[in-house]
Amino acid sequence: MNENRRQILEMLSTGKITADEAERLIAALESGPATSAGTSAAAATGSAAAAVKTRAKYLRVLVEADQEMTGLKGPTSVNVRVPMQLLRAGVRLASLIPVQAHQQFDEAMNKHGVPLTLSQIRPENLEELVDHLEDLTVDVNGSDANNTKVRVFCE
Amino acid sequence: MTPNFAVIGVHTPAWQMPRLWIPLFLLWIPVVLLSPIIFLVLVAIAIAARTNIWRLIALFWNFLSGLPGTDIHVSAHGNNVLVRIL
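As they're listed, the protein sequences go chains R and P.
If you're matching positions, the first sequence starts at 830 in the numbering used here and goes up one per residue.
If you're matching positions, the second sequence starts at 2 in the numbering used here and goes up one per residue.
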């Protein structure tokens, strides 16, 4: 028997973790060697909760720009934290756009070089997009004299 | 949970406003008083959007419930603006 699996089962038998947590840990163990190493380490420390991936609660957008970039005196920074629940609710509001407005929207977007068909975007697609945002990290650093930094990530 | 407080802070090099705690829960009083008018507005929106009124209410409620935790902090030119919804 695999050593990591044995550790998980021992933790289950001693009552350190629940059967549900053990199942998730074993599933994570089987999903790949890269993640299993981290999972077993977490299991070894007895922190089963740390091993189970928690859902991100917030989308963070951080922008830092120096005065050369903005033309303003001193550095400029923007720090925005948006709850994921708000994003999900926001994309659901898109379903309120009247059908007759779809064509006008598509034409306007095409006119500006964005070939988008709004009627083909379903609320479930948008919710899926928000779910996958959790795995997204954007890290932009300006080069040379441009010290602008942009970070977008979920936490 | 719907937002209970909004915290607003403005800080300039020349002037510093004390952080304002705005009790948003008190807005429920005018909302309840104006509820018939709000309901009519929602019905009009539902007809225009060709959607179910209850679905519309659920959407707005979800949106409202998602607001707590929103945090916006902008700092530029020595000025700081903070908006936080709790």
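For every residue, glycine included, the Cβ atom is placed at its ideal position computed from N, Cα and C.
{"Asked": "Just reading off the alpha helix (DSSP H) that Thr931 of chain R is part of, what are its end residues?", "Found": "Reading off the sequence, residue 931 of chain R comes out as His, not Thr. Note, His931 of chain R: alpha helix (DSSP H), 928-940."}
{"Asked": "In the stretch 900-918 of chain R, which residues sit with their C-beta less than 9 Å from some C-beta in chain P, listed in chain order?", "Found": "Leu901, Lys902, Gly903, Pro904, Thr905, Ser906, Val907, Asn908, Val909, Arg910, Val911, Pro912, Met913, Gln914, Leu915, Leu916, Arg917, Ala918"}
{"Asked": "Restricting to runs no shorter than 3 residues, where is the beta strand (DSSP E) found entirely within the stretch 12-71 of chain P?", "Found": "21-24"}
{"Asked": "Would you verify that the beta carbon of Asn63 of chain P is, or is not, closer than 8 Å to some beta carbon of chain R?", "Found": "yes"}
{"Asked": "Applying the 10 Å Cβ sphere with the 16-neighbour rule, what's the burial state of Asn53 of chain P?", "Found": "exposed"}
{"Asked": "Who are the near neighbours of Leu916 of chain R in its chain, counting only those whose CB is closer than 7 Å to its CB and skipping five residues on each side?", "Found": "Leu888, Val959"}
{"Asked": "For the stretch 968-984 of chain R and the stretch 60-75 of chain P, state whether three or more C-beta atom pairs, one from each stretch, are separated by less than 8 Å.", "Found": "no"}
{"Asked": "Could you have a look at Asp964 of chain R and say whether DSSP puts it in helix, strand or coil?", "Found": "coil"}
{"Asked": "Under 8 Å between C-beta atoms, does Pro952 of chain R make it to chain P?", "Found": "no"}
{"Asked": "So, helix, strand or coil for Ala77 of chain P, using DSSP?", "Found": "strand"}
{"Asked": "So which residues of chain P does Arg921 of chain R contact, with C-beta pairs closer than 7 Å?", "Found": "Leu60, Asn63"}
{"Asked": "State yes or no: is the C-beta of Gln896 of chain R within less than 8 Å of the C-beta of Gly903 of chain R?", "Found": "yes"}
{"Asked": "Pull up the DSSP beta-bridge partners for Ile846 of chain R, would you.", "Found": "DSSP, once it has assigned bridges, lists no residue as partnering Ile846 of chain R."}
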